[in-house]
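Whatever position you read off the sequence shown (first residue = 1), add 19 for this note's numbering. Cβ atoms here follow ideal geometry from the backbone N, Cα and C, with glycine treated the same way. Quick caveat, the model's predicted, so the values are computed rather than measured.
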Amino acid sequence: DYQTIRIADINEFTFNYKPQAEEGIMALRRVTALAIQKALGNIRKPSPNASKFVIMAVAIQDKKNNKIVNLQLERPEDKPLVVLLSWLMAKRKHIYKYADLYLRNGFDVLNVSVTPWQLLWPTKGTQMVAKDLLRFIDLNTKYAPLVLHGFSVGGYVWGEVLVNIAAERERYSNVVDRIAGQIWDSAADITEISVGLPIAVFPRNSYMQTALRQYMLYHLKAFDKVATRHYIRSSQMFHTNLVQAPAQFIISKADPIGTEASNTRVRESWESMGMKVYWKCFEKSPHVGHFRAHQKEYIDVLNSFLETINLRDMRVPEKVKAKL
């Protein structure tokens, strides 16, 4: 079963939380940004049901000043933590499938997501989420080792985290040192934002995709100071990664968003810095759809990588693979 993690001196909200009128719309954007999932005991059957999968939002605001008041766990444990940097508009039931792979094996899972609004206006959106994420990892030092598992726009979010780390490298050296490995599934460079955002927001409406794509091209030209230059900076930080932990890429030749070409550029940059980079490229699986299309192979790749970073005991067991 899953339980809520208690956090000292703050209120607790779930994804169903609706802010009061006086809290404003920003509260909803912030409170749903970070959520942590914790497993207790053996899980017989994964379920997207809210009563089975209790999600705890940890980015909590003070009603008076609209600021985050606490991100430190009341009873931290010496456990490994997976940071899931989810794709845009990801549904909870889909995130659960990835989280469950780790929850079954002794990891806690921190899920980080951003909205289209936060992506479009990074100085008031994604950068705030990135700061909260970094603060959470920094405060909860007993979570070690850390594994990053990012999807699509999650690469951009992590780039924003790296911007903050670069600004205070000595302060956040403990965060970098605790990261044992990083997995990038369909990582999308910001150069693909005009392609990826319309598909994520309007997956079945080609007319609206075209309209939003045209707006995105305008947005990138018109809002350089509050958007475009921050996208570029994040991309630069992602390519010159301060985290030298081994990396596993999972991509597809048919992906128009997290393209093989853009991921290859990142791979070459990291390898030139001496990083160990592992590569899995499928032929035709869709964007962030590799697990659904190639479940057994995907889990084999995860297991192999976890062994590589000395987390062999945390591998996905055979019985889970059989159920999948």
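Roughly how many angstroms separate the alpha carbons of Arg197 and Ala266, rounded to a whole number? As a first step, residue 197 must be located in the sequence shown, where it is residue number 178. As a first step, residue 266 must be located in the sequence shown, where it is residue number 247. Distance between the alpha carbons of Arg197 and Ala266: 14 Å.
May I have the straight-line CA-CA distance separating Asn35 from Met292, to the nearest angstrom? Within the sequence shown, the letter at position 16 stands for residue 35. Within the sequence shown, the letter at position 273 stands for residue 292. Its pLDDT being 31, under 50, Asn35 is placed unreliably in this model, and the coordinates cannot settle the point.
Nearest by alpha-carbon distance to Thr278: which of Tyr115, Ala246, Phe310, Val172 is it? Taking the sequence shown and counting its residues from 1, one reaches residue 278 at position 259. Sorting Tyr115, Ala246, Phe310, Val172 by C-alpha distance to the C-alpha of Thr278 places Val172 at the top.
Which residues does DSSP pair with Leu168 in a beta bridge? On the sequence shown, position 149 is the one that residue 168 refers to. It should be pointed out that residue 168 corresponds to His in this sequence rather than to Leu. Looking at the DSSP output, His168 sits in a beta bridge with Leu103, Ile202.
Does the Cβ of Lys143 have 16 or more other Cβ atoms within 10 Å, making it buried, or fewer, making it exposed? Taking the first residue of the sequence shown as 1, we reach residue 143 at position 124. Under this definition Lys143 is an exposed residue.
Following the continuous beta strand (DSSP E) through Ser271, name the residue where it begins and the one where it ends. Locating residue 271 in the sequence shown gives position 252, where the first residue counts as 1. From DSSP, the beta strand (DSSP E) with Ser271 extends over 266–271.
Can you have a look at Met227 and say buried or exposed, based on whether 16 or more other CB atoms are within 10 angstroms of its CB? The count along the sequence shown starts at 1 and reaches residue 227 at position 208. By the neighbour-count rule (16 or more Cβ atoms within 10 Å), Met227 is not buried but exposed.
By DSSP, does Val245 sit in helix, in strand, or in coil? The residue you call residue 245 lines up with position 226 of the sequence shown. DSSP, reduced to helix, strand and coil, places Val245 within a helical segment of the structure shown.
Can you have a look at Glu290 and say buried or exposed, based on whether 16 or more other CB atoms are within 10 angstroms of its CB? The residue given as residue 290 occupies position 271 in the sequence shown. Around the beta-carbon of Glu290, fewer than 16 other beta-carbon atoms lie within 10 Å, marking it exposed.
Endpoints, alpha helix (DSSP H) assigned at Val320: Numbered from 1 along the sequence shown, position 301 holds the residue referred to as residue 320. Boundaries of the alpha helix (DSSP H) around Val320: 314–327.
In the DSSP assignment, the beta strand (DSSP E) including Asp127 goes from what residue to what residue? Counting from 1 along the sequence shown, the entry for residue 127 is found at position 108. Segment 127–131, the beta strand (DSSP E) holding Asp127.
Helix, strand or coil: which one does DSSP assign to Val262? In the sequence shown, residue 262 corresponds to position 243, counting from 1. Val262: coil per DSSP, three-state reduction.
Within 8 Å, do at least three Cβ pairs link the segment 109–122 to the segment 180–188? Verdict: no, contact absent.
Close-in-space but distant-in-sequence residues of the same chain around Pro135 (CB under 8 Å, 5 per side omitted): By one-based count along the sequence shown, residue 135 stands at place 116. Answer for Pro135: Leu107, Met108, Leu216, Ala219, Val220, listed in chain order.
Could you give the first and the last residue of the continuous beta strand (DSSP E) run that contains Val296? Along the sequence shown, one-based indexing puts residue 296 at 277. For Val296, the enclosing beta strand (DSSP E) covers residues 296–301.
What number of angstroms, rounded off, separates the C-alpha of Arg311 from the C-alpha of Ile318? Here residue 311 refers to the residue found at position 292 when the sequence shown is read from its first residue. Here residue 318 refers to the residue found at position 299 when the sequence shown is read from its first residue. Spanning the two alpha carbons is a distance of roughly 11 Å.
So, at 6 Å on beta carbons, what are the nonlocal neighbours of Val194 in its own chain, with the 5 sequence-adjacent residues on each side left out? As a working mapping, residue 194 is identified with position 175 in the sequence shown. Beyond the five residues adjoining it in sequence on each side, Val194 comes within less than 6 Å, by CB distance, of Ile156, Asp157 in the same chain, given in chain order.
Closest to Gln137 by C-alpha separation, out of Tyr250, Asn329, Pro275, His309, would be which residue? In the sequence shown, counting from the first residue as 1, residue 137 sits at position 118. The shortest Cα separation from Gln137 among Tyr250, Asn329, Pro275, His309 belongs to Tyr250.
Between Asn99 and Leu261, how many whole angstroms is the CB-CB distance? I'm expecting something under 8 Å. Counted from its first residue, the sequence shown places residue 99 at position 80. Counted from its first residue, the sequence shown places residue 261 at position 242. A quick correction: the sequence has Pro, not Asn, at residue 99. So it is not a contact: roughly 21 Å between Cβ atoms.
I need the DSSP call for Leu330, collapsed to helix, strand or coil. For the purposes of this step, residue 330 is taken as the residue at position 311 of the sequence shown. Looking at Leu330 - three-state DSSP - the assignment turns out to be coil, as it is neither helix nor strand.
Of all the options Asp119, Glu326, Val102, Arg284, which has the alpha carbon lying nearest to the alpha carbon of Thr210? Taking the first residue of the sequence shown as position 1, residue 210 is located at position 191. Ranked by Cα distance from Thr210, the options Asp119, Glu326, Val102, Arg284 are led by Arg284.
Which one or two residues does DSSP pair with Tyr162 in a beta bridge? The residue given as residue 162 occupies position 143 in the sequence shown. For Tyr162, which the question treats as bridged, DSSP gives the partners Lys98.
What is the rounded straight-line gap between the Cα of His168 and the Cα of Arg190? Taking the sequence shown and counting its residues from 1, the one referred to as residue 168 is at position 149. Taking the sequence shown and counting its residues from 1, the one referred to as residue 190 is at position 171. Distance between the alpha carbons of His168 and Arg190: 23 Å.
Taking the CB atoms as reference points, tell me whether Ile328 and Gly125 lie closer together than 8 Å. Within the sequence shown, the letter at position 309 stands for residue 328. Within the sequence shown, the letter at position 106 stands for residue 125. Not closer than 8 Å, so no.
Spatial neighbours of Val307 within its chain, please: CB distance less than 7 Å, with the 5 preceding and 5 following residues excluded, ordered by chain position. As a position in the sequence shown, residue 307 is number 288, starting the count at 1. Excluding sequence neighbours, Val307 sits near Trp106, Phe170, Ser171, Asp204, Ser205.
Just to confirm the assignment, what range does the alpha helix (DSSP H) spanning Asp179 have? In the sequence shown, the residue the question calls residue 179 occupies position 160. Rather than Asp, the amino acid found at residue 179 in this sequence is Glu. Element bounds for Glu179: 173–186.
Using the Cα positions of Ser253 and Ala246, report the straight-line distance between them to the nearest angstrom. For the purposes of this step, residue 253 is taken as the residue at position 234 of the sequence shown. For the purposes of this step, residue 246 is taken as the residue at position 227 of the sequence shown. Near 11 Å, if we compare the C-alpha coordinates of Ala246 and Ser253.
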